[in-house]
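Take a look at the structure set out below.
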Amino acid sequence: MPNPTASLLHGLNDAQQQAVLTTQGPVLVVAGPGSGKTRVLTHRIAHLIQDLGVMPENILAVTFTNKAAGEMKQRVEKLIGAGAASGLWIGTFHSIGVRFLRQNPGIVADRLGLLPNFVIYDDADQMALAKQAVVAVGLDPKQVAPRRMLSRISAAKSEMLDPDDFVKTVEKYDDEVVARVYREYQRLLKKANAIDFDDLLVMPIRLFDAAPALLERYQALFHYILVDEYQDTNRVQYILVSALADRYRNLFAVGDPDQSIYAWRQADIRNILGFNQDYPDATLIKLETNYRSTRRIVEAADRLIRENSQRIERTLRTDNDDGEMVSLRELSDERHEARFVVDEIRRLMNIHHVSPNQIAVMYRTTAQSRVLEESFRMSEINYRIVGGLRFYERREVKDVIAMLRVLHNPADELSLLRTIENMPIGRGIGPKAIDQVRSWSALNQTTTTEGFVALAPSLALHDSPPLTGASRSAAQKLGSVIAQLRELEKELTLTQLFDALVDRSGYQGSFNHESEEDMERWSNVLELRTDLEDFDALPPGEALATYLDQVQLVSDADTMKDGSVPQVTLITLHSAKGLEFPIVFITGVEEGLLPVSRAIENEAVDPNAIEEERRLFYVGITRAEKLLYLTYTAGRTRYGRYESTIPSRFLANLPVESVKTHGTRASGAGSLAQRSRAWSSMPGTKRTGPLPASARPAEPDWAVRNVPDAAPPSPTYAAGMQIFHPKFGEGQITEIAERRDDQELVIEFKRHGTKRLLGSLAKLDVIS
DNA sequence: CCGTCGAGGCCCGAC
DNA sequence: GCCTCGACGG
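Heads up, the first sequence is in this note's numbering, so the first residue is 1 and it goes up one at a time.
The following block contains the structure:
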């Protein structure tokens, strides 16, 4: 074996080096949070390519997000040179699944009945389809919730059960309902020439079953396979990986059972716990040294996770400094909580010159983000929300994508209906007209979209029964525009096609330039256009297909753009997996939220649910490098009603000596003591020590070092200046208070009243 | 065909 | 409390 380049091993500890160098045979790396897992993965890939001469295309690396895949590839190329990793198979399970299917259009069509222009249905599409399926089998969507059907169907698919297999497992009436809906759902998917997310994993396995030679080809291709976040793989993913690794058996799995947080989507922790049974010759490597967080944070995390029974015994340690105390704080309600977070962030930015992008605010449920966002919106602090209403879920963006999908895959009736509903071109076509075209199309053995296209020429000339009057000309227009755009697709770039689409569909014209809301929506449509530019280099015909695949696989975490403006990150605990921030706030550390109420309700039947919640908290805590804030409230509005709350039982698991508590004046120390009694009486709670009942005023004495993005020196303002603020618009500075190295400005905005802003932070343009 | 209004569900998490 | 969906009237 050639000597590894010193640089590839430089700075790695013994265990990390072993993980990089043990290239032959199965290896399981149990990697605690912050233990340099990503470094190991990237250095290992670099080592394989550079030192062992492995071709990049012979390596398959599975990551948890597309973003992680991109970053990992970049880091590898940084180690061994730009372009040196090109050809590397790296991506999420889903993107690799779609790649298998796209690479073999012939066999996929032949064996799976999926035509080459198949589309991927997202959450909303799946929901609509599930609802159709419920109705189609004669049930009421109000009684048989499509969402529940979907989650059952998804669970079945994750276990590799097709409708026929599922029927055999039926035990009660409810299962029978699911079985019927599942069968119909699959029928509708096939009819639409579409597949859902789960199918992206299931279909490749079916493909390999049907065409063993194909599997052998991939087995021969992948000399080395690396899988990140192995603890969160489900059965289908497990089967796929084991099948692919069967020939060379160079499977490198990295994971952490303590960070398993996806049992609800059928992640099976047994995949990682049973690795040794699957591969008795496996090398086990543990990465237990945390390089990310201060000792206090590591200790808090370690003590918390020790309370779980479902785990591999392991100690997380660190050589880092003690750092600051973990700050635990009670607020009276969610508004005060949000205000505290914003105020504290402002203070950190102001006094300690922390950049917003060093800060994350985390929560258990997306619903919590709303109040937080309100507070941020009122402040001058830049923020972004990961998840929530995603860009691609916005109505206007979905409208355009739906029409693009119709052009690409005429069988996608869901998208056709959306187009008719939301595009001006669909105006005048009601359910009646659609039904008629649908029947006509069925008679003529074609799709409804093709029906509109085929009928258009004759409709232009005369009433073609059954389409008459208003619906006749409307249907004619729709059919001919679709036909025109499809012709254009063959010769134009995607952006040109986009321009033609928003023009001829009348979509662009439907936005009112006087309406702020419309203009906001139109700007989103234009942002979509910017997206398309990346695909203009591809040959027409191929660009649209590639774009549509990609757009369906964008995850929340992927949409976190770095660079440009520094922003505070608002993110769910789930989405925060794999990320790190110097400063982390975890909000809503309460019974009902963390652990979430559903886990509490099921506690007696399924104690594992509570353990998963604890792991989720653990994931959150271990995202923090320097500073960790935990907040909970005395009461919170839920479903529009105020309810008083109890602090999370998990708080009692934290080591007293690393946590500093701050009560609010309203609740005070007394109530905190009461609450601590409530904790100790809670089932399943082991207290590690009483939390100090005293609440001293908070003034942590610390500073984040090495701040790369420290605010630039701010311009000087003077009273009387007319200014412009990106959010609040025009205003006048009425008062200025000089601070040590900043100015506090009082500004009267024309529209938004009086605000107090900091000169260094507010992005003001001086008008006069 | 389009807008308005009330009822009811919703909020556990995501590719 | 907000959003979505279906019923109803213009």
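Just so you know, even glycine gets a beta-carbon here, dropped at the ideal spot from N, CA and C. The model shown is predicted, which means the values in this text are computed figures rather than measured ones.
Under the three-state DSSP convention, the category residue i falls into
i	result
His662	strand
Pro163	helix
Ala669	With a pLDDT of only 33 at Ala669, under the threshold of 50, the placement of this residue in the model should not be trusted; the figure read from the coordinates follows. Ala669: helix per DSSP, three-state reduction.
Leu459	helix
Ile120	strand
Lys286	strand
Gln476	helix
Leu443	helix
Gly426	helix
Ile90	strand
Pro280	coil
Glu591	coil
Phe511	coil
Met721	coil
Ile345	helix
Met378	helix
Asn602	coil
Pair within 8 Å by beta-carbon distance, residue i and residue j
i	j	result
Asp549	Ala192	no
Gln74	Lys577	no
Val27	Gly255	no
Ile305	Arg614	yes
Met403	Leu501	yes
Gln126	Leu101	no
Glu338	Val584	In the sequence under discussion, the amino acid at residue 338 is Ala, which differs from the Glu named in the question. Contact flag unset, no.
Pro539	Leu492	no
Arg249	Gly25	yes
Arg235	Leu573	no
Tyr218	Asn58	no
Other residues of its chain near residue i: CB distance less than 6 Å, five sequence neighbours each side excluded
i	result
Leu8	His43, Ala46 and His47
Asp140	none
Met721	Ile733 and Val766
Trp702	Low local confidence applies: a pLDDT of 35 at Trp702 is under 50, so the model's placement there is unreliable, with the coordinate-based value given in what follows. Closer than 6 Å at Cβ, skipping near neighbours: Glu324.
Pro595	Ile610 and Glu613
Ile586	Met362, Gly620 and Leu630
Gln18	Ile285
Leu114	Val108
Burial state of residue i, where buried means 16 or more other Cβ atoms lie within 10 Å
i	result
Gln132	buried
Phe197	buried
Val766	exposed
Gly91	buried
His10	exposed
Asp343	exposed
Ile329	According to the sequence as given, residue 329 is Arg; it is not Ile. Buried is the call here.
Leu443	exposed
His408	buried
Gly568	The amino acid occupying residue 568 in the given sequence is Val; Gly does not appear at that position. Under this definition Val568 is a buried residue.
Gly451	buried
Ser439	exposed
Arg472	buried
Neighbourhood of residue i by C-beta, 8 Å cutoff - its chain only, sequence neighbours within 5 removed
i	result
Ile120	Val98, Ala194, Ile195, Asp196, Phe197, Leu200, Leu548, Asp549, Gln552 and Leu553
Asp14	none
Thr495	Arg529, Leu532, Glu533 and Asp536
Pro356	Ile345, Met349, Ile381, Asn382, Tyr383, Pro566, Gln567 and Val568
Leu12	Val20, Gly36, Arg39, Val40 and His43
Where the beta strand (DSSP E) through residue i begins and ends
i	result
Pro582	Phe581 to Ile586
Lys626	Ala624 to Thr633
Leu226	Tyr224 to Val227
Ile59	Ile59 to Val62
Gly255	Leu251 to Gly255
Ser505	Element bounds for Ser505: n/a, residue is neither H nor E.
Residue span of the alpha helix (DSSP H) that contains residue i, given as start and end
i	result
Leu221	Pro212 to Leu221
Ile49	Lys37 to Gln50
Ser260	Here Ser260 belongs to no alpha helix (DSSP H), and DSSP marks it neither H nor E.
Tyr618	Pro607 to Ile621
Glu313	Where Glu313 is concerned, there is no enclosing alpha helix (DSSP H), given that its DSSP letter is neither H nor E.
Any non-hydrogen atom of the ligand MG within 7 Å of residue i CB
i	result
Ile736	Of ligands this structure carries none, so the ligand MG is not represented either.
Same chain only: Cβ atoms within 7 Å of residue i, ignoring 5 sequence neighbours per side
i	result
Arg405	Val119, Asp412, Ser415 and Leu548
Asp371	Reading the sequence as shown, one finds Val at residue 371 and not Asp. Closer than 7 Å at the Cβ level, and outside the excluded window around Val371, lie Glu334, Arg335 and Ala338.
Tyr182	Ile153, Ala156, Pro163 and Phe166
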